[in-house]
Each structure stands twice: as structure tokens, then as C-alpha cells.
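Counting in numbering that gives the first Met the number 0, the sequence shown tops out at residue 307, every number present. Here a beta-carbon is modelled for each residue, glycine too, at the ideal position from N, C-alpha and C. Computed from a predicted structure; not experimentally measured. See structure below.
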Amino acid sequence: MPHVQYTGSRRTTVGRELIEAITKRGDKAIATARNLSSIEDLKSDSVATLQLEVTASQDELNQRAEEAVKAFGRIDVLVHNAGYMQMGTWEDLTPELLQAQFATNFFGPVNLTRAILPHMRSRNAGTVVFVNSTSRLQHFAGVAAYGASKAALDRFVDGLTREVGPAGIKTLSLDIGAFQSSLILEHKAPSNVPPTEHHGQLMDALVGYLPLVHANPVIDITKLANLFVDLVKGEGVAEGREIPLRLPGGPDDLWKELANEQKDIPQTLPVGPDAFEYVKQLSEYGLRKIEMWEDVIKSANVETRAAQ
């Protein structure tokens with residue numbers, strides 16, 4: 000049976016590529032955008048369009064979820080792709096700017112997921128996909144608020160996976176590397192970032208650097224869109240593998256999970272050669288660090304436990 004995918008923020012190039020990848024597999028898509036006119040050209044027998052503001056109230060998101068379900072009768076996959084990068088240092092960003100960053104990048108996905116879960120629970124099936132970033136692991140000066148919002152989203156996904164897994168609902172979070180994205184070109188600086196007293200040189204360098212990242216991507220967005228669909232459907236590069244219903248819950252479960260790692264898709268998956276190298280280096284560094292500090296790390300153990 001064809002999948003029905005409810006996708007967020009579809010006016011971007013990546014969003015349009017994803018819609019095309021979904022429909023080419025014979026599936027249906029519900030494309031959303033804050034401005035409905037920006038995606039009306041996508042509308043077809045296989046694509047429904049829906050106005051959606053991810054920072055809307057829970058009641059409005061619940062209503063949008065009901066409208067989305069009515070479009071094709073069900074929703075198999077929810078894809079979270081809304082987000083923006085707020086530039087500015089911690090010293091200079093106002094509480095309002097920080098709250099807006101988290102409203103879109105964290106609370107929006109949380110609330111929209113909450114809106115769609117009753118439908119997925121009623122069917123004992125569904126997949127929620129989160130487009131995350133390696134920025135959750137590496138916080139660059141000047142855009143750390145963005146990284147913090149993505150780190151919060153990662154912790155949410157971890158907890159959600161354990162809670163909804165027993166209901167047959169799967170989650171998948173993708174840490175995406177560098178690709179051509181309006182997220183970079185439409186960053187919220189410097190126009191709405193207060194003047195900085197201490198970080199002018201840093202911010203000037205960032206404003207000049209981000210367009211270079213956009214101009215020199217390491218990820219092909221067409222391949223990225225097809226990878227999304229492969230992972231969800233277990234086709235192509237993901238053939239024979241499944242997204243696990245939950246993460247390991249303890250040391251014993253962890254070893255069992257590692258034994259099955261070749262057949263299961265990790266709940267969090269880095270995407271792109273830059274993401275692979277960074278996560279690999281970070282993991283190796285973390286292992287070296289705890290080994291070097293093992294005696295200190297274990298020095299606060301309760302003696303009776305240490306003797307066991």
C-alpha cells in the first residue's frame with residue numbers, strides 16, 4: 000500500500016526534491032508551508048497542499064493534523080523540516096530572539112508531533128522523521144543558539160522513541176551535513192541581531208562564511224531526498240534494514256542492539272561525508288577522553304560499590 004507522507008516546510012529546494020522523490024515511488028504527499036501560495040504549483044492527484052505555521056497554538060496544529068488526515072485518509076509518515084538559523088552570540092541575543100529560535104526549531108516539531116500521534120496510535124503504526132543537524136554536536140560561536148535548539152530536539156527524539164515504540168510508532172532523526180539550503184542564505188543576521196560590542200569580527204566572518212558553505216555543498220539534495228524515502232520504506236540503500244522501535248535501555252540491551260546493527264537503521268543517522276567524519280572523530284575523541292580520565296571519573300564511587 001502506498002505511503003502518505005505529511006511533510007513540513009515544503010517551499011524550499013530540498014522540500015520540493017522530497018515531494019518529487021515521494022511521488023516517484025507511487026506514494027502521496029501532503030505539502031505544507033506558511034504561505035500556501037508558495038507551494039500551490041505542487042498540487043496534484045498525489046500531492047495535497049496545506050497552510051501550516053509550525054509555531055501556531057496546539058489547538059491550531061491539532062486542527063491542521065485533522066485536515067491532513069482527511070486529505071488521503073491517513074498519514075504514515077510525518078517529516079519535520081521546518082527551521083531557521085538564528086545568528087548572534089549568547090551575549091547579544093535577546094530573550095525574544097532565543098525564544099523564537101526554539102519556538103520554530105524545537106517546540107514546533109514537539110507540538111506538531113503531539114498533534115499527529117493520536118492518529119498514528121489509532122493505527123498502531125507510523126514513522127516520525129526529524130531533519131536535524133550535526134550542529135547539535137558541534138556548537139559554532141555565533142550560531143550556538145541554533146545548535147542548542149537542535150540538541151534539545153535530539154533529546155526529545157530520544158525520549159519519544161522509548162515512549163511511542165510500544166505503540167508501533169518509529170522515529171528517525173537525520174543529522175544532515177552541508178548542502179545547498181535556504182536555511183543558510185536566509186539566516187537571521189545581521190538585520191535582527193543587536194549590535195555587538197565584543198564580537199564584531201566574529202559576526203562579520205560568519206556572515207561572509209555561510210554563503211561559501213551554500214556554494215560548496217558536500218551533499219547532493221536529490222540523493223538526500225531519495226535517501227529519506229529509502230530509509231522510511233526500507234528500499235534502495237536501506238533494503239533489508241528496519242528502523243528499530245526503540246533504543247537500547249541498558250548495558251545488556253546495548254550489546255544486543257550492537258549485534259543487530261547491520262540490519263537495523265540507527266534511530267539517529269549522520270548524513271553526508273562531512274557528518275560521517277565529524278561524528279567519527281567526535282566518538283574517537285570521547286573514548287580517548289574518558290580513558291585518560293578514568294581514574295578521576297571513578298574516584299567518587301561509593302566504596303562498597305567499587306569493591307563489588
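Where does residue 197 land, buried or exposed, given buried means 16+ other C-beta within 10 angstroms?
exposed
Since residue 107 is in the alpha helix (DSSP H), which residue starts that stretch and which ends it?
107-122
Could you compute how far the alpha carbon of residue 109 sits from the alpha carbon of residue 227?
20 Å
For residue 294, three-class secondary structure by DSSP:
helix
On a Cα-Cα basis, can you pick out the residue from 96, 42 and 65 that is closest to residue 30?
42
Taking 9 Å as the threshold (C-beta atoms), are residue 16 and residue 220 in contact?
yes
At what residue ranges does the stretch 138-173 contain a whole run of the alpha helix (DSSP H), taking only runs of 4 or more?
143-163
Look up residue 133 in the DSSP assignment and give the residues it is bridged to.
Paired residue(s): none; residue 133 is not in a bridge.
Please report the Cβ distance between residue 114 and residue 167, rounded to the nearest whole angstrom; I am assuming they are in contact, meaning their Cβ atoms lie under 8 Å.
Rounded, the Cβ-Cβ distance is 18 Å, inconsistent with contact.
Per-residue DSSP class, three states only, for residue 85
coil
Assuming residue 67 is part of the alpha helix (DSSP H), what are its boundary residues?
57-71
Helix, strand or coil for residue 279? Go by DSSP, reduced to three states.
helix
Given residue 68 as reference, the closest of 94, 104, 117 and 55 once Cα atoms are compared:
117
Do residue 13 and residue 104 have their C-beta atoms within less than 9 Å of each other?
no
Residue closest to residue 82, alpha-carbon to alpha-carbon, out of 241, 141, 275 and 99
99
Close-in-space but distant-in-sequence residues of the same chain around residue 22 (CB under 8 Å, 5 per side omitted):
28, 43, 45 and 46
If you draw a straight line from the alpha carbon of residue 77 to that of residue 88, how long is it in whole angstroms?
33 Å
Take the Cβ of residue 26 as the centre, count every other Cβ of all protein chains shown within 10 Å, and call the residue buried at 16 or more, exposed below.
buried
Look up residue 92 in the DSSP assignment and say whether it is helix, strand or coil.
coil
Just how far apart, CA to CA, sit residue 122 and residue 111?
18 Å
Could you tell me whether the stretch 267-286 touches the stretch 135-153, where touching means 3 or more Cβ pairs closer than 8 Å?
yes
Tell me whether residue 342 sits in a helix, a strand or coil according to DSSP, three-state version.
Within the shown structure, residues of the chain are numbered from 0 to 307, placing residue 342 beyond reach of any answer.
Using only the alpha-carbon positions, how far apart do residue 232 and residue 75 sit?
10 Å
Using a 10 Å radius around the Cβ and a threshold of 16 neighbouring Cβ atoms, would you call residue 3 buried or exposed?
buried
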